[in-house]
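Protein chains in written order, with our numbering: chain A, -2 to 322; chain B, -2 to 322. Below is one structure, written out as structure tokens; the observations come after it.
Shown next, in the form of structure tokens:
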């Protein structure tokens, strides 16, 4: 039994909790929180809720800690801190800062003789695997990543910060013509605007200036200005009825050449009803790998690119060879 | 520079040769053949053609030998034989016999202190990776594998053995309705006939009884009897003009559940202009991994499921983390 602790009980923490129920070789031992533990009600009966402070002894009865925090401010501090005490897993997804985060976790994990797997999820994560395998097999080629259709929580949050906005759900949508071009193997050059559109469902305060809100969204730098964006104003009831899920997905498409005129197109795509439950499921598979590698004497920071695929599976190498190879 | 030897110069051997040209960290040192070496003309200038017998000294100047033989009779003998002397790679694809083949190669490789990677290609190979990753992340789910549209060399050969047949190209084609059902996540039960159809382009001897040939094809056990098969008789010129390539491909589709009513669909698909060139490209990436692992002191049989993904890539772990993760 792999004994797992979860740190942080937001959407992702609950996604990890759901995933543990689907993996009979794993057990949720405790959820750790920086809030008041007595205020937390878990979906799983009989699991302890503890203060995050308890982790600092380094003697909590867990084989691995899955850290469910935000990439902007939580994980850069939390992952190295707990990597010095436990095997840890995170879903750090600020691509540009991965090298620094990796170095910090590596130093802490190595000193502790533990394994820290960073940036697990689907991008970075499963999509990264697709990019690496495809480019390793077909070095003369290029990759395209499309996200959606799905809810971007970062973009939804950005709209919620606009004056007069009560709630927002932002969908990122790949442009079908761009997908078709890439799938044909024609290696098109595509601008940001040509790859994705954005669609916002917004609940505004009564009497708010809707034209101003729509304009503020569409001209917001980085988030929306480079995209064709559609804005729909809806009621709070409509939001609850039609937009309460967190679906997501996307595709990594790679086209490569092996000789004159000989093309190959590789596509990996995901259609996810729940982004946090799928991401949580990847975290649990990586937690299994971390515990196994650490038991073999491995230490230091890893990413999913360093983990032998068989290590992620509950099935034995013999079963995998006989039935899935 | 990774020094590679190729044993066997059929379609697959030539595919490996093409792949080596696309991988600047690899070098083709020699092609070994069981035929008369002087009868072989390579596509690459300046590469030695040698008798397979030369390999038996164990002192050929290669880091890894890629064995390009058939799974029925060649590889079960050849891979263990050469695994006792060199790092070796093969594309053994008789799924049912993989455990025995693995054990034979493992014994030979371990004794020699070498690495032998078996069953590399796309199925087994890249498709196996998709099945393993998907089931590791979503253990409550199931996979479906579809092949095609593409040329099945085994089925083409089977038709060629029929009396009165001069040539045949057999295409395996997934049934679109079956693909749609699986992609919807509805977990259908599908019979062999419901998943694929088969289409044969046949060049017959002049005056041959076409009705008899068509009937022999359609009723052939294992190969065609369980499928809806279409047979077209064409001229040798038409065969050459329209069916000289060896395209293939297919999809692994996995649907899994993380909580009540929460579904996820993962699809990995390949569209390959040349089956042997793509398979050869996978073999070369696995050869790189074998040489690296052996340099770290690893020995024994491996499959692609045991190889850390980063090991297959010519890029450094730092480059992969910075640009592809």
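Heads up, the beta-carbon is just placed ideally off N, CA and C, and yes, glycines get one too.
| Residue(s) in a DSSP beta bridge with residue 79(B) | Secondary-structure assignment with DSSP links residue 79(B) through no beta bridge to anything.
| In terms of DSSP beta bridges, what is residue 195(A) paired with? | According to DSSP, which records beta bridges pairwise, residue 195(A) is partnered with 169(A) and 226(A).
| request: Output, in chain order, the set of chain B residues within a Cβ distance shorter than 8 Å of residue 96(A). | output: Contacts between residue 96(A) and chain B, judged by CB atoms closer than 8 Å, involve 315, 318 and 319 in chain order.
| request: Using 10 angstroms around the beta-carbon of residue 90(B), count the other beta-carbons present and answer buried if the total reaches 16, otherwise exposed. | output: Under this definition residue 90(B) is a buried residue.
| Counting contacts by CB-CB distance shorter than 7 Å, is residue 166(A) in contact with chain B? | Chain B, which has no Cβ nearer than 7 Å to the Cβ of residue 166(A), makes this no.
| query | In chain order, what residues of the same chain lie with their CB nearer than 7 Å to the CB of residue 0(B), ignoring the 5 residues before and after it? | reply | Closer than 7 Å at the Cβ level, and outside the excluded window around residue 0(B), lie 24, 26, 58, 59 and 60.
| said: Could you tell me the alpha carbon to alpha carbon distance between residue 317(B) and residue 135(A), rounded to whole angstroms? | reply: Those two C-alpha atoms are separated by around 15 Å.
| Going by the beta-carbon positions, is the gap between residue 376(A) and residue 208(A) smaller than 7 Å? | What is shown of chain A runs -2 to 322, which leaves residue 376(A) out entirely.
| query | Considering only the beta carbon of each residue, do residue 294(B) and residue 103(B) sit closer than 7 Å? | reply | One thing to note: residue 294(B) has its Cβ no nearer than 7 Å to the Cβ of residue 103(B).
| said: When you compare the CB of residue 272(B) with every CB in chain A, is at least one pair closer than 7 Å? | reply: Judged by the 7 Å Cβ criterion, residue 272(B) is not in contact with chain A.
| At a Cβ threshold of 7 Å, is residue 212(B) touching chain A? | Put simply, the CB of residue 212(B) is far from chain A, with every gap to its CB atoms at 7 Å or more.
| message | Residues of chain A with CB closer than 9 Å to the CB of residue 46(B), please, in chain order. | response | Here the premise fails: no neighbours, minimum Cβ distance about 20 Å.
| task | Name, please, each residue of chain B whose Cβ falls closer than 7 Å to the Cβ of residue 146(A). | result | Here the premise fails: no neighbours, minimum Cβ distance about 13 Å.
| Beta-carbon proximity check, residue 106(B) vs residue 300(B), cutoff 7 Å | No, these two residues do not count as a Cβ contact at 7 Å.
| query | So, are the CB atoms of residue 262(A) and residue 138(A) less than 7 Å apart? | reply | The answer is no: Cβ separation not under 7 Å.
| query | Are the Cβ atoms of residue 306(B) and residue 129(A) separated by less than 7 Å? | reply | The answer is yes: Cβ separation under 7 Å.
| field | Whole-angstrom C-beta distance between residue 274(A) and residue 30(B), which should lie under 8 Å | value | About 54 Å separates the Cβ atoms of residue 30(B) and residue 274(A), ruling out a contact at the 8 Å cut-off.
| Does residue 20(B) come within less than 7 Å of chain A when only Cβ atoms are used? | Taking Cβ atoms only, chain A reaches closer than 7 Å to residue 20(B), which makes this a yes.
| said: Counting C-beta neighbours from all protein chains within 10 Å, is the total for residue 234(B) 16 or more, i.e. buried, or is it exposed? | reply: Of the residues assessed, residue 234(B) falls on the exposed side of the cut-off, its CB having fewer than 16 other CB atoms within 10 angstroms.
| Three or more C-beta pairs below 8 Å linking the region 211 to 231 of chain A and the region 152 to 166 of chain A | As far as the Cβ criterion goes, the region 211 to 231 of chain A touches the region 152 to 166 of chain A, which means the pair count is three or higher.
| Can you name, in chain order, every residue of its own chain whose Cβ lies under 7 Å from the Cβ of residue 288(A), other than the five neighbours on each side? | Apart from sequence neighbours up to five positions away, the residues of its chain that approach residue 288(A) with a beta-carbon distance below 7 Å are -1, 60, 61 and 84, ordered along the chain.
| Proximal residues to residue 271(B) (C-beta, below 6 Å), its chain only, five neighbours per side dropped | Excluding sequence positions up to five before and after residue 271(B), its CB lies within less than 6 Å of the CB of 243, all in the same chain and listed in chain order.
| said: Taking 7 Å as the threshold (C-beta atoms), are residue 279(A) and residue 124(A) in contact? | reply: It is not a contact, given that the beta carbons lie outside the stated cut-off.
| request: Determine the DSSP secondary structure at residue 130(A), reduced to helix, strand or coil. | output: In the three-state scheme derived from DSSP, where H, G and I count as helix and E and B as strand, residue 130(A) is classed as helix.
| field | Supposed contact pair residue 120(B) and residue 251(B) - C-beta distance, whole angstroms, cut 8 Å | value | The beta carbons of residue 251(B) and residue 120(B) sit about 14 Å from each other, so the pair does not count as a contact at 8 Å.
| CB contact flag (residue 153(B), residue 165(B), <7 Å) | Judged by beta-carbon spacing, residue 165(B) lies within the 7 Å limit of residue 153(B), meaning their Cβ atoms are closer than that value.
| query | For residue 201(B), which residues of its own chain have a beta-carbon under 7 Å away from its beta-carbon, when the five flanking residues on both sides are left out? | reply | Non-local C-beta neighbours of residue 201(B) in its own chain, meaning closer than 7 Å and more than five positions away in sequence, comprise 161, 162, 163, 207, 210 and 230, ordered along the chain.
| said: Please identify the residue among 310(A), 240(A) and 204(A) whose C-alpha is closest to the C-alpha of residue 196(A). | reply: Considering only alpha carbons, the answer is 240(A).
| field | Within chain A, partners of residue 32(B) - CB distance below 7 Å | value | Simply none; closest approach about 24 Å.
| By the criterion of Cβ-Cβ separation under 7 Å, what are the contact partners of residue 184(A) in chain B? | Result: empty, since nearest Cβ-Cβ is about 14 Å, beyond 7 Å.
| Does DSSP put residue 203(B) in a helix, in a strand, or in coil? | Of the three classes helix, strand and coil, the one that applies to residue 203(B) here is coil, per DSSP.
| message | Pull the bridge partners of residue 266(B) from the DSSP assignment, please. | response | According to DSSP, residue 266(B) shares a beta bridge with 264(A) and 248(B).
| field | Spatial neighbours of residue 198(A) in its chain, beta-carbon cut-off 6 Å, leaving aside the 5 residues before and after | value | Around residue 198(A): 166, 229, 231 and 240.
| field | Nearest-angstrom Cα separation, counted from residue 111(A) out to residue 169(A) | value | Looking at the backbone, the Cα of residue 169(A) and that of residue 111(A) are separated by about 38 Å.
| field | Residue-level contact to chain A via CB, residue 90(B), 7 Å cutoff | value | Output row for residue 90(B): interface = no.
| Do residue 131(B) and residue 282(A) come within 7 Å of each other at the CB atom, strictly closer than that value? | Contact flag unset, no.
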